[in-house]
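Notes follow once the structure below has been shown.
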Amino acid sequence: MLEMFEYDFMQRAFIAGIIIAILASISGTFVVLRRYSLIGETLSHSALLGVAVGLVAEFNPLWSAVLFALFAAWLIEYLRSAFSLYSDAVLAILLSGSLASAVIIVSLGGAFNNSLFSYLFGSILAVSSDDIVVIAVFGAISLFLLLLFSKEFYFIAYDEEVAKTSGIKVDFLNLLLVSIVAIIIALSIRVVGSLLISALMIIPTIAALQFRVGFLKTVLISLCIALLSVFSGMTLSFHFSLPSGATIVLCVLFIFILSLVINRR
Amino acid sequence: MKFSVPIFDVKNLSFVLKEQTILSNISFEIFPSEYIAIIGPNGGGKTTLVRMLLGLEKPTNGEVKIYGKGLSHFNEWYKIGYVPQRASLVDGSFPATVLDIVNMGRTSQRRLFSTLSKSDRTFVHDAMQKMDILDLADKMVGTLSGGQRQRVMIARALASNPKILILDEPNTGVDAASQKNFYALLRELNKKDGITIVFITHDIGVIADDIARLFTINQKAIICNNPKQTLSCEEMSSLYGIDAHLLHNHRHEH
Ligand SMILES: Nc1ncnc2c1ncn2[C@@H]1O[C@H](COP(=O)(O)OP(=O)(O)OP(=O)(O)O)[C@@H](O)[C@H]1O
Ligand SMILES: [Mg+2]
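Chains as they are written, first to last, in the numbering used here: chain D, 2 to 266; chain A, 4 to 257.
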């Protein structure tokens, strides 16, 4: 099994995958507790729109994915705070709008080929050294901010109004959290793919919640589940030449079902 | 008392929701170390009023000042402990132990990068002791009974070591013995530590001796500056459909 690490691209894929597993699961805990699960789905499609623009304009699609996901995150928060418009409908509209625009842009630009496919479902072959640097740098910043404000995010997730009246800057932190999530999703798009990343964010936490333990333990369990899924998913992807995002998500699902069975009462 | 700066200064406050007047033209001041009880019928607007005091609801008209400042300029929120009415209605699967929840009471006063200090832990411990939930510390909140959960929420508010406690029917579902302890605790916090208390309750008779003033809220506010003279309060309250006999009867039992 270890011979797969003889390939440079596999080493890169694993480094990227491990960083993403850490980021997705830790941010995912807050996303789930905050009931933001659908936002992840929407942002991943906005990131895909960014990829499409990057592919056609021929610059690193990772950068444009980050920009577009951030923009979408801010738009969602703006709509929510300015018009109290925060419904599934708004998110669904943004999601399908982004996806449709991405497809149109790519076909007009003549780039409708395998490379878009790899951004939809993830590909371990595609991770370049440049990507690793981008993922590591943005990933480190995101993780730092998540940990720095984890107590505040936790309080807000539990009771936003009491958090606010106790002096926590709820509006700022909400914006910060969706921005971090947007960045993490955009970073993950290469390895896991835009259609599947929100599954890697959400499902490890939902599985961890089945254990009914305190906050710290929940985060740790979800982290372990994400790491295990990414590791086994990428291994399967390598040996059977399957898209890595899809194998990773199936591994996550398998562990989720396992945790349901273990914790059945 | 009139010479000190009021903690809350409310002027001509109104709240209209979809053309329905919930609160109209309410004015009052609340001074440091006062113990205010708010009563009124269901739907009378008590919760709405308190939410406007805390900036959670925007008044249609009028203004709330807190320590002489507009709400958006106020930056000492850590002085306020708030227990909302729906406090016990939380998602049962939320991954939190009782200790996790009470620790939240310290969150807004922590410095960046720092974890709970020794004094933080002392505040948390004392608050849990006061609410008699020390033995529940490691239980998941989702597994608690309604009354136990309510006590956890009160403990969280106490853990922040507030100067002002705002309680919206915090002890619904709490058993009689614990309620009695809770009223005694509020009296002590108010008399001994000088904490300002704003307490929405339907259980006015029991605390009538402790409170400084009584606000009756039913769209309009009636302020009873001397609730010990129950008769006049009673008359005014009954105008608005409040059963102030409760107040009267309880007084004579004591
Ligand atoms: N967000 C809202 N949407 C619709 N109606 C509201 C809202 N907030 C308050 N109301 C209405 O305002 C009125 C006052 O409600 P409020 O909760 O302030 O009453 P209350 O005095 O606290 O009642 P209770 O004793 O039952 O707690 C009610 O008629 C309620 O229906
Ligand atoms: Mg109420």
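Heads up, the beta-carbon is just placed ideally off N, CA and C, and yes, glycines get one too.
CB contact check: residue i to chain A, cutoff 8 Å
i: residue 169 of chain D; result: yes
i: residue 139 of chain D; result: no
i: residue 213 of chain D; result: yes
i: residue 163 of chain D; result: yes
i: residue 159 of chain D; result: yes
i: residue 263 of chain D; result: no
i: residue 145 of chain D; result: no
i: residue 76 of chain D; result: no
i: residue 216 of chain D; result: yes
i: residue 176 of chain D; result: no
i: residue 232 of chain D; result: no
i: residue 156 of chain D; result: yes
i: residue 224 of chain D; result: no
i: residue 236 of chain D; result: no
i: residue 63 of chain D; result: no
i: residue 43 of chain D; result: no
i: residue 210 of chain D; result: yes
i: residue 4 of chain D; result: no
i: residue 258 of chain D; result: no
Inter-residue CB distance, residue i and residue j (contact presumed, cutoff 8 Å)
i: residue 116 of chain D; j: residue 56 of chain D; result: 6 Å
i: residue 162 of chain A; j: residue 109 of chain A; result: 6 Å
i: residue 220 of chain A; j: residue 48 of chain A; result: 5 Å
i: residue 193 of chain A; j: residue 213 of chain A; result: 7 Å
i: residue 193 of chain D; j: residue 21 of chain D; result: 7 Å
i: residue 190 of chain D; j: residue 52 of chain D; result: 6 Å
i: residue 42 of chain A; j: residue 207 of chain A; result: 5 Å
i: residue 226 of chain D; j: residue 28 of chain D; result: Contact doesn't hold; Cβ gap of about 14 Å is too wide.
i: residue 141 of chain D; j: residue 63 of chain D; result: Contact doesn't hold; Cβ gap of about 15 Å is too wide.
i: residue 74 of chain A; j: residue 51 of chain A; result: In fact, because the Cβ distance is near 15 Å, the residues do not count as touching under 8 Å.
i: residue 13 of chain A; j: residue 31 of chain A; result: 5 Å
i: residue 200 of chain A; j: residue 38 of chain A; result: 5 Å
i: residue 244 of chain D; j: residue 123 of chain D; result: 6 Å
i: residue 41 of chain D; j: residue 203 of chain D; result: 7 Å
i: residue 230 of chain D; j: residue 256 of chain D; result: 6 Å
i: residue 44 of chain D; j: residue 183 of chain D; result: 5 Å
i: residue 53 of chain A; j: residue 11 of chain A; result: Incorrect: roughly 10 Å between the Cβ atoms, too far for contact.
Neighbour flag for residue i against chain D, beta carbons, 8 Å
i: residue 158 of chain A; result: no
i: residue 19 of chain A; result: no
i: residue 234 of chain A; result: Confidence at residue 234 of chain A is low in this model, with a pLDDT of 45, below 50, so the placement of that residue should be treated as unreliable; the coordinate-derived value is given next. No, residue 234 of chain A does not count as interfacial toward chain D.
i: residue 100 of chain A; result: yes
i: residue 14 of chain A; result: no
i: residue 87 of chain A; result: yes
i: residue 11 of chain A; result: no
i: residue 55 of chain A; result: no
i: residue 70 of chain A; result: no
i: residue 8 of chain A; result: no
i: residue 2 of chain A; result: Any question about residue 2 of chain A goes unanswered here, given that chain A covers just 4 to 257.
i: residue 103 of chain A; result: yes
i: residue 83 of chain A; result: yes
i: residue 122 of chain A; result: no
i: residue 113 of chain A; result: yes
i: residue 126 of chain A; result: no
i: residue 96 of chain A; result: yes
i: residue 143 of chain A; result: yes
i: residue 137 of chain A; result: no
i: residue 59 of chain A; result: yes
i: residue 107 of chain A; result: yes
Pick from the options that is closest to residue i, judged by C-alpha positions
i: residue 106 of chain D; options: D:50, D:222 and D:257; result: D:50
i: residue 167 of chain D; options: D:143, D:153, D:146 and D:231; result: D:153
i: residue 46 of chain D; options: D:10, D:25, D:128 and D:120; result: D:120
i: residue 60 of chain D; options: D:131, D:200 and D:183; result: D:131
i: residue 156 of chain D; options: A:113, A:223 and A:165; result: A:113
i: residue 22 of chain A; options: A:63, A:218 and A:94; result: A:63
i: residue 68 of chain D; options: D:242, D:181, D:9 and D:173; result: D:181
i: residue 125 of chain A; options: A:46, A:89, A:225 and A:106; result: A:106
i: residue 220 of chain D; options: D:31, D:163 and D:17; result: D:31
i: residue 177 of chain D; options: D:144, D:160 and D:209; result: D:144
Residue i: contacting residues in chain E (beta-carbon distance under 9 Å)
i: residue 149 of chain D; result: Chain labels in this structure do not include chain E; the protein chains are D and A.
Practice task
Mind listing which residues have their beta carbon within less than 6 Å of any non-hydrogen atom of ligand 1? Chain order is fine.
Solution key: A:20, A:25, A:43, A:45, A:46, A:47, A:48, A:49, A:50, A:51 and A:88
Practice task
Give, in chain order, every unbroken run of the beta strand (DSSP E) that is at least 3 residues long and sits entirely within the region 51-109 of chain A.
Solution key: 64-69 and 83-86
Practice task
Ignoring anything shorter than 4 residues or poking outside the region 141-208 of chain A, list the alpha helix (DSSP H) runs there in chain order.
Solution key: 149-162 and 179-194
Exercise for the section: Any chance you could list the alpha helix (DSSP H) runs of at least 4 consecutive residues sitting entirely within the region 117-153 of chain D, in chain order? Expected result: Taking only runs of at least 4 residues, the alpha helix (DSSP H) segments lying wholly in the region 117-153 of chain D are 130-149.
Problem - Every unbroken alpha helix (DSSP H) within the region 146-206 of chain D, with a cutoff of 4 residues, ordered by chain - result: 151-159, 161-166 and 171-189
Exercise for the section: Please specify which runs of the alpha helix (DSSP H), each continuous and at least 4 residues long, are wholly inside the region 46-88 of chain D, giving them in chain order. Expected result: 62-84
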